[in-house]
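A short write-up of the structure that comes next.
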Amino acid sequence: MTAQVHAHTPNGLTIWLTGLSGAGKSTLAALLTDRLREQGQAVEWLDGDELRRSLGRGLGFSREDRFENIRRAVYIAGLLNRHGVITVVSVISPYADMRSYARQELPGFVEVYVDCPLPVCEVRDVKGLYAKARTGEIPCFTGISDPYEAPADPELKLHTAERTPEQCMEKLISWLTEHRLYQL
Ligand code: ADP
Numbered sequence: 001m002t003a004q005v006h007a008h009t010p011n012g013l014t015i016w017l018t019g020l021s022g023a024g025k026s027t028l029a030a031l032l033t034d035r036l037r038e039q040g041q042a043v044e045w046l047d048g049d050e051l052r053r054s055l056g057r058g059l060g061f062s063r064e065d066r067f068e069n070i071r072r073a074v075y076i077a078g079l080l081n082r083h084g085v086i087t088v089v090s091v092i093s094p095y096a097d098m099r100s101y102a103r104q105e106l107p108g109f110v111e112v113y114v115d116c117p118l119p120v121c122e123v124r125d126v127k128g129l130y131a132k133a134r135t136g137e138i139p140c141f142t143g144i145s146d147p148y149e150a151p152a153d154p155e156l157k158l159h160t161a162e163r164t165p166e167q168c169m170e171k172l173i174s175w176l177t178e179h180r181l182y183q184l
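Letter by letter, the sequence shown follows residues 1 to 184 of full-length UniProt numbering.
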């Protein structure tokens, strides 16, 4: 007999992945959403690049525009949460005050610091952006010519330079389960 598994999340939850470009936010978000979906959980993934393409037209990379981008992500996450949908948000979100805003607005907010040293992100250079940032072709690039304020007290820190993506994802799932934020 095959056991029927019902994922159960009493209230919506937002898993907020913050970190430098190339730290591994999207990779982990993809693994996590796949895993939760397999378990029958309603889940949505809001990715920074996609958000900018869809809802962020006209927004640049000034502090104000970055904040506005986050405000929009928080608004959507809030709507989804209200319907019990786990929302995974993968956005650099470099300023502490924008993450505080998200925490304040979203009752089930879990801040996950996807922590990877800048030199490692730069070697990975997944999208070739660091090279362009170094030459100045891309201005205001987080970690190079724009600040990244590392979270002081995140719910969870994942060291992606020292672990595989699967190990990081398992750690995240374990943390959620241990804290009874997610249960099968
Ligand atoms: P971001 O979304 O933060 O800009 P990406 O997920 O696009 O970063 O890229 C991260 C890169 O680092 C990918 O090529 C991924 O395979 C690699 N990587 C190596 N180890 C890890 C890990 N533990 N977690 C996530 N990504 C990792």
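Glycine included, every Cβ here is placed at the ideal spot set by N, Cα and C.
- Scanning Asp65, Ile86, His83, Val123 for the CA closest to the CA of Met98 turns up Asp65.
- Separation of Tyr75 and Thr14 (C-alpha to C-alpha, rounded to the nearest whole angstrom) is 11 Å.
- Taking Pro165 as reference, the option from Ser21, Thr27, Gly12 with the minimal CA-CA separation is Thr27.
- The DSSP-derived three-state label of Asp153 is coil.
- CA-CA distance, Gly22 to Arg82, rounds to 31 Å.
- A residue is called buried once 16 or more other Cβ atoms fall within 10 Å of its Cβ, and Ser93 is buried on that count.
- Less than 7 Å divides the Cβ of Tyr95 from the Cβ of Glu149.
- Here Lys127 is exposed, its C-beta having fewer than 16 other C-beta atoms within 10 Å.
- Of the candidates Arg103, Pro139, Leu172, Asp34, the residue whose Cα lies closest to the Cα of Val43 is Asp34.
- Per DSSP, Leu79 is not a residue of any beta strand (DSSP E); the alpha helix (DSSP H) it occupies stretches across 63 to 82.
- Contact annotation: the region 129 to 149 does not touch the region 169 to 177, with fewer than three C-beta pairs closer than 8 Å.
- Ranked by how close their Cα comes to the Cα of Arg63, the residues Gly24, Ser145, Pro151 have Ser145 in first place.
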